[in-house]
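Undergrad: Letter by letter, the sequence shown follows residues -22 to -1, 1 to 378 in mature numbering (1 follows the signal peptide of the UniProt record, and there is no 0).
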Amino acid sequence: MNKPFIILTTLLLCFYSGFVQAQELYDLPSDAETRWVSFENPTGAKGKGGMENKTAKGHASEWVNAGKSITLLDFDGAGIINRIWMTIIDRNPQALRAIHIEMYWDGATRPAVSAPLGDFFGIGLGRMAAFQSALFTDPEGKSFNCYVPMPFKKHARIVLVNESKQNQLLFYDVNLTKLKKHPKDIAYFHAYWSNSTGRGLGDDFEILPKVKGKGRFLGTNISVMADKIYGDTWFGEGEVKTYLDGDKDHPTLVGSGTEDYIGSAWNLGPFSQLYQGATVVDKQKKQFAFYRYHIPDPIYFSADCRVTIQQMGGAGRDLIRAIAKAGGKVKPVSVMTASGLIKLLDDPSYPDLFSDKFPADEWVNFYRVDNYSATAYFYLNSPESNLPPLAPLAERIKGL
């Protein structure tokens, strides 16, 4: 198994299980130096922090004007980013989708990370809510914290791009360990944001399009804006499927339902835990955001990886009939009866939804079309991936 994967997994497991081995706390590595990069020390250089205004909080923040970008980190040498914190003055949902963050490793021309600010930090649909997970936290619904280890061999660059219409007052710091060198086979951190624009009835939403290389799928946060034409019916019957190393028609890993994937069951309520949670459960607005991080249950791949979720819900027959009559997109796929599951797609001769022979008062799983978006996190043995660039602004804010 790849040594860096073992090291990263062990560190995360130890820390987020509530303890760190004593040796790790008091060990003093000879080749490591601590650096904090912020407006008060933009290079992270030794002895160069807080030099403005005679050291009296001379440069704690900066305005990032609408349509402009700012470099948060431009660091030469080997190291590992341990923590990123920031906050901005206007945290409305459209702004958190319009502003995006990019990260480049070891001189790559394409970003390994390119995602809307809110979504990257685990804040689905730009709706700030206090939560705590192993990788991201928002203590009071006002800030952004990331604890994902991000190693690099010779250079790291982080850029914040403000595509919103507002000027933003930004505070931030990036905490890292400077090293003399890394092992040759480090894995680079990547994050990819996507949405379901153009997906049709029966099409799975791609959380992570097929990425090529050797790596580890670290997890995802997913947001859903359910189409109001479906009323109060349940959106979350879709199974998460992970295609590994050449899988084509069928995945190696498959779950049993949406709330099941994040460790819950029988519908969904708000909660936040280390590796799983639901930060937004707004049944009135039909908005949901949830996450699952594969830290204690790692997902490795050696050639390629693709992760999807089915756009599938569930309701009774009469409700689905009413949705179809109102113009909603529906396609029944199975019926749960007292005697077992009737697999409609395997039995094309089964009575049509509007037939009197279609059973009433039974649970029907059906394809539907909602607005999905997701941020996928993964490590890869390359600072660049084959994935497409971030979607344009109009597409990112549609429906918010």
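Note that beta-carbon positions come from the ideal geometry of N, C-alpha and C, so glycine has one too.
Just so we're clear, the structure is a prediction, and the values are computed from it rather than from any experiment.
With DSSP as the reference, label P94 as helix, strand or coil.
TA: strand
Undergrad: Take residue 392 and list the residues in its own chain whose beta-carbon comes closer than 6 Å to its own, dropping the five residues that flank it on each side.
TA: Any answer about residue 392 is impossible in this case: the structure gives the chain only from -22 up to 378.
Undergrad: Indicate whether the contact test is met: 3 or more Cβ pairs, each with one atom in the stretch 282 to 293 and one in the stretch 187 to 199, closer than 8 Å.
TA: yes
Undergrad: Tell me the DSSP secondary structure of L6 in three-state form.
TA: coil
Undergrad: What residue range is occupied by the uninterrupted alpha helix (DSSP H) comprising R105?
TA: Where R105 is concerned, there is no enclosing alpha helix (DSSP H), given that its DSSP letter is neither H nor E.
Undergrad: Leaving aside the five residues before and after V259 along the sequence, list all residues of the same chain whose C-beta is less than 7 Å from its C-beta, in chain order.
TA: Within the same chain, Cβ atoms closer than 7 Å to the Cβ of V259 are found at L246, G247, P248, F266, the five residues on either side in sequence being excluded.
Undergrad: What residues in its chain sit with their C-beta under 8 Å from that of M(-22), if we drop five residues either side in the sequence?
TA: Low confidence applies here, because M(-22) scores a pLDDT of 45, under 50, leaving its location unreliable; read the following figure in that light. Excluding sequence neighbours, M(-22) sits near Y278.
Undergrad: When you compare only the Cα positions, how much space is there between Q(-2) and P127?
TA: Only weak support exists for where Q(-2) lies, its pLDDT of 45 falling under 50; the value from the coordinates is given anyway. Looking at the two C-alpha atoms, the distance is approximately 18 Å.
Undergrad: Would you mind listing the beta strand (DSSP E) stretches within the stretch 18 to 52 that are 3+ residues and don't spill past its ends, in chain order?
TA: 40 to 42
Undergrad: Here's the rule I'm using: 16 or more other beta-carbon atoms within 10 Å means buried, otherwise exposed. How should P370 be labelled?
TA: exposed
Undergrad: Just the Cα atoms here: how many angstroms apart are N60 and L154?
TA: Answer to the nearest angstrom: the Cα atoms are 5 Å apart.
Undergrad: Which one of F149, G119, I101, N31 has the shortest CA to CA distance from T49?
TA: F149
Undergrad: So for K303, helix, strand or coil by DSSP?
TA: helix
Undergrad: Give, in chain order, every unbroken run of the alpha helix (DSSP H) that is at least 4 residues long and sits entirely within the stretch 235 to 313.
TA: Listed in chain order, the complete alpha helix (DSSP H) runs (minimum 4 residues) inside the stretch 235 to 313 are 236 to 239, 295 to 303.
Undergrad: For I62, tell me which candidate among N70, K158, F99, K226 has the shortest Cα-Cα distance.
TA: F99
Undergrad: Could you spell out where the alpha helix (DSSP H) holding E373 opens and where it closes?
TA: 371 to 375
Undergrad: Could you check what DSSP says for R75 in three-state terms: helix, strand or coil?
TA: helix
Undergrad: Per DSSP, what are the beta-bridge partners of I66 in this structure?
TA: L148
Undergrad: With residue 410 as the anchor, note down where its beta strand (DSSP E) starts and where it stops.
TA: This structure gives no information on residue 410, because the portion of the chain shown stretches from -22 to 378.
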